[in-house]
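Numbering (our numbering), first residue to last: 729 to 913. Here's the structure we're looking at; comments come further down.
Below, the structure is given as structure tokens:
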């Protein structure tokens, strides 16, 4: 089918907020095809425990591609236990240089409770400014809302939930059906 005939998949907004000694990664569950919601309760935030060290990851993009990346991240974390930054950089290098991985269409937000990173297929491992990162269809809406909410009182989870509610009110590819994972160091 030609690209102009295929309406494209959209969906999922993921946010990571670091505050008060903890990190919360929250994601909505919407997957849309064109103007139709295909599923409203997808679970795109996961807890990984390679080598006994907890890591929380959220993903936007193709689910199959994201699971491939999460498996690769787990392998990198098993090879470098407790070193999220090193494992993230190694994953990004592989993603950028491996011909198979280059075709994967997803983004990841990962945290071990202390560090918070966005990992991209362009070879980027980004530590966000202002302790907030967001990806996906409504990512910019959630990011803007969370940055404003960081001036208020409340926990990382409060900020993440309120920011996601604001994004869901603005972005038609974001809903209020959240999966929330909290991790502290």
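Yeah, the Cβ is synthetic: ideal placement off N, Cα and C, and Gly gets one too.
Scanning 757, 911 and 834 for the CA closest to the CA of residue 895 turns up 757.
Annotation for residue 797: the continuous alpha helix (DSSP H) segment containing it runs 791-807. Rounded to whole angstroms, the separation of the alpha carbons of residue 773 and residue 909 is 7 Å. DSSP places residue 834 within a strand segment (E or B) once states are collapsed to three. Sixteen is the threshold: when 16 or more other Cβ atoms of the shown chains lie within 10 Å of the Cβ of residue 760, as they do, the residue is buried.
Each of 899, 897, 900 and 873 was checked against the Cα of residue 887, and the nearest Cα belongs to 873. DSSP places residue 771 outside any beta strand (DSSP E), giving it a letter other than H or E.
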